[in-house]
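One structure below.
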Amino acid sequence: MNKIEKDIWDYIDGTCTPQDRMRAERLIDTDPAYQAAYQEFLTLDADLLKMDFDEPSMGFTRNVMEALKAEPVPGSLRSLIDQRIVYGIGAFFILTFTVLLGVFLYSMDWSETSASLFSEIKMPAVDLESVLNSKYITIFYFADIVLALYILDAFFRKRLHSK
Amino acid sequence: MQHKPSDIELIGEVLGGSQSAYAELVRRHQRFIFTLAMRFTRSREDAEEVAQDCFIKAYRSLHTFKQTSKFSTWLYSIVYTTAMTFLRKKRLETQSIDDEESYIQLENHVSEFKADQVELKSRSVYLNKAIDQLLPDDAAIITLFYKGEQSLEEIGAALGMEPNTVKVKLHRARHRLKEKLERLLQHEVKELI
Chain F
8 MNKIEKDIWD
18 YIDGTCTPQD
28 RMRAERLIDT
38 DPAYQAAYQE
48 FLTLDADLLK
58 MDFDEPSMGF
68 TRNVMEALKA
78 EPVPGSLRSL
88 IDQRIVYGIG
98 AFFILTFTVL
108 LGVFLYSMDW
118 SETSASLFSE
128 IKMPAVDLES
138 VLNSKYITIF
148 YFADIVLALY
158 ILDAFFRKRL
168 HSK
Chain S
9 MQHKPSDIEL
19 IGEVLGGSQS
29 AYAELVRRHQ
39 RFIFTLAMRF
49 TRSREDAEEV
59 AQDCFIKAYR
69 SLHTFKQTSK
79 FSTWLYSIVY
89 TTAMTFLRKK
99 RLETQSIDDE
109 ESYIQLENHV
119 SEFKADQVEL
129 KSRSVYLNKA
139 IDQLLPDDAA
149 IITLFYKGEQ
159 SLEEIGAALG
169 MEPNTVKVKL
179 HRARHRLKEK
189 LERLLQHEVK
199 ELI
């Protein structure tokens with residue numbers, strides 16, 4: 008790209024300084040090379056401005072909205088929770104359960120007959136009185152209320168969207 | 009007269025839970041986004057996929073839109089990354105410079121458009137053909153500047169470039185477009201003769 012092209016485009020786009028603008032105007036008036044380039048670029052510029060957009064298919068918006076139907080509201084708590092975290096928590100519990108089961112099965116004495124096997128298993132004595140005190144029950148109720156509010160919120164949002 | 013909500017108002021409604029407001033945003037910008045996607049993919053099917061993907065991604069991260077730039081500028085940055093990922097996945101090779109050179113060469117190079125000699129086809133047809141032959145980046149920058157009503161500063165913000173760099177890129181893109189257009193018109197002139 009030569010200097011004439013650069014000067015003319017800057018002049019047409021209006022991106023040059025007032026001094027450069029005056030200089031370009033003078034050159035367009037006096038220099039035939041500038042004059043020819045100016046006419047040529049002006050035509051191209053006008054053609055580019057008249058250029059049409061490409062049209063997507065008729066069902067474009069419908070397809071996009073169909074894909075977004077099940078999406079949570081952007082920025083809502085649900086949309087911010089990474090699915091991988093949920094899967095990670097799930098994997099942690101499954102792993103814990105598997106390990107406990109493994110330890111339990113490993114510690115069993117398999118030489119005994121099946122009838123006596125289970126009769127030998129002694130469940131640990133759990134003191135329910137100490138677990139189910141008022142503090143734990145309050146926490147349990149609180150978690151229930153939070154869960155209920157979350158489900159209620161999701162229900163009302165769905166109703167709002169379907170309207 | 010019914011008030012036509014601005015993009016920012018519609019975005020507010022979407023963040024408040026209205027999906028129909030987002031449908032309006034999609035309708036408003038789909039032609040621009042689809043045209044940009046076409047510039048990168050050069051196939052209607054692929055462009056449709058990229059454009060849809062772009063609107064889905066935009067919806068998911070709408071809460072991150074800072075509203076310091078136009079919504080269309082923000083959308084463009086998503087189209088660009090989506091199209092690049094798509095092309096990488098498809099391993100679609102863009103037309104190389106060698107391919108461009110193999111395009112019909114004529115012995116006598118004329119520097120002016122011969123629009124008056126080509127009356128059978130409109131200039132816009134040739135212009136679209138010439139744009140299709142450009143490299144995707146060149147085609148996109150021209151589309152952004154002329155059809156996206158984006159200033160050099162806005163294009164620079166979307167592309168992560170200085171406005172001056174965008175200006176140089178735009179000049180070069182138009183220069184290459186002019187060359188392509190001249191070649192196409194010369195080819196047509198030769199056919200007519």
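Sequences listed follow chains F and S, in order.
In case it helps, our numbering puts the first sequence at residues 8 to 170.
In case it helps, our numbering puts the second sequence at residues 9 to 201.
Think of the CB as a built atom: it goes at the ideal place given N, C-alpha and C, for glycine as much as any other residue.
Keep in mind that this is a model prediction, so the values were computed, not measured.
{"Item": "Taking 8 Å as the CB-CB limit, is glutamate 56 of chain S close to chain F?", "Value": "yes"}
{"Item": "Go ahead and pull the three-state DSSP assignment for valine 80 of chain F.", "Value": "coil"}
{"Item": "What did DSSP end up calling methionine 169 of chain S once you bin it into helix, strand or coil?", "Value": "coil"}
{"Item": "Counting only runs that start and end within the stretch 24 to 108 of chain F, where is the beta strand (DSSP E) found for 3 or more residues in a row?", "Value": "none"}
{"Item": "Flag this pair as yes or no: are the beta carbons of isoleucine 163 of chain S and valine 176 of chain S separated by less than 8 Å?", "Value": "no"}
{"Item": "Taking only three categories from DSSP, how would you classify glutamate 117 of chain F?", "Value": "Note on identity: in this sequence residue 117 of chain F is tryptophan, with glutamate being the wrong assignment. Tryptophan 117 of chain F falls in the coil class under three-state DSSP."}
{"Item": "Would you say phenylalanine 79 of chain S lies against chain F (beta-carbon separation less than 8 Å)?", "Value": "no"}
{"Item": "Do isoleucine 35 of chain F and glutamine 42 of chain F have their C-beta atoms within less than 8 Å of each other?", "Value": "yes"}
{"Item": "Using beta carbons (cut-off 8 Å, strictly below), is lysine 74 of chain S in contact with chain F?", "Value": "no"}
{"Item": "Decide yes or no for the touch test of the stretch 71 to 82 of chain S against the stretch 12 to 19 of chain S: beta carbon pairs closer than 8 Å, at least 3 of them.", "Value": "yes"}
{"Item": "Counting Cβ pairs, one atom from each stretch, are 3 or more of them under 8 Å apart for the stretch 44 to 52 of chain S and the stretch 41 to 59 of chain F?", "Value": "no"}
{"Item": "Just to make sure I have the definition right: I need the residues of chain F whose C-beta is within less than 9 Å of the C-beta of histidine 195 of chain S. Which are they?", "Value": "Correct list: empty, because the minimum Cβ distance to chain F is about 18 Å."}
{"Item": "Quick one, which of S:Leu95, S:Ala59, S:His71, S:Lys98 has its alpha-carbon nearest isoleucine 86 of chain S's?", "Value": "S:Ala59"}
{"Item": "Residue range of the alpha helix (DSSP H) that proline 144 of chain S falls in?", "Value": "144 to 154"}
{"Item": "Using the beta-carbon count (16 or more within 10 Å), is isoleucine 150 of chain S buried or exposed?", "Value": "buried"}
{"Item": "For glutamate 12 of chain F, report the span of its alpha helix (DSSP H) as first-last.", "Value": "10 to 20"}
{"Item": "Mind listing the chain S neighbours of asparagine 70 of chain F? Cutoff is C-beta to C-beta under 9 Å, in chain order.", "Value": "Glu56, Gln60"}
{"Item": "Measuring only between beta-carbons, confirm whether tyrosine 67 of chain S sits less than 8 Å from chain F.", "Value": "yes"}
{"Item": "When the Cβ atoms of the stretch 69 to 85 of chain F are set against those of the stretch 63 to 72 of chain S, are three or more pairs found closer than 8 Å?", "Value": "yes"}
{"Item": "For leucine 135 of chain S and lysine 186 of chain S, I'd like the C-alpha separation in whole angstroms.", "Value": "9 Å"}
{"Item": "Which residue comes first and which comes last in the alpha helix (DSSP H) that contains glycine 20 of chain S?", "Value": "15 to 23"}
{"Item": "Quick one: list the residues of chain F neighbouring histidine 132 of chain S, beta-carbon separation under 9 Å, in chain order.", "Value": "Going by the sequence as given, residue 132 of chain S is serine instead of histidine. The answer, in chain order, is Asp54, Lys57, Met58, Asp59."}
{"Item": "For aspartate 14 of chain F, which residues in the same chain have their Cβ closer than 6 Å to its Cβ, ignoring the five residues on either side in sequence?", "Value": "Ala31"}
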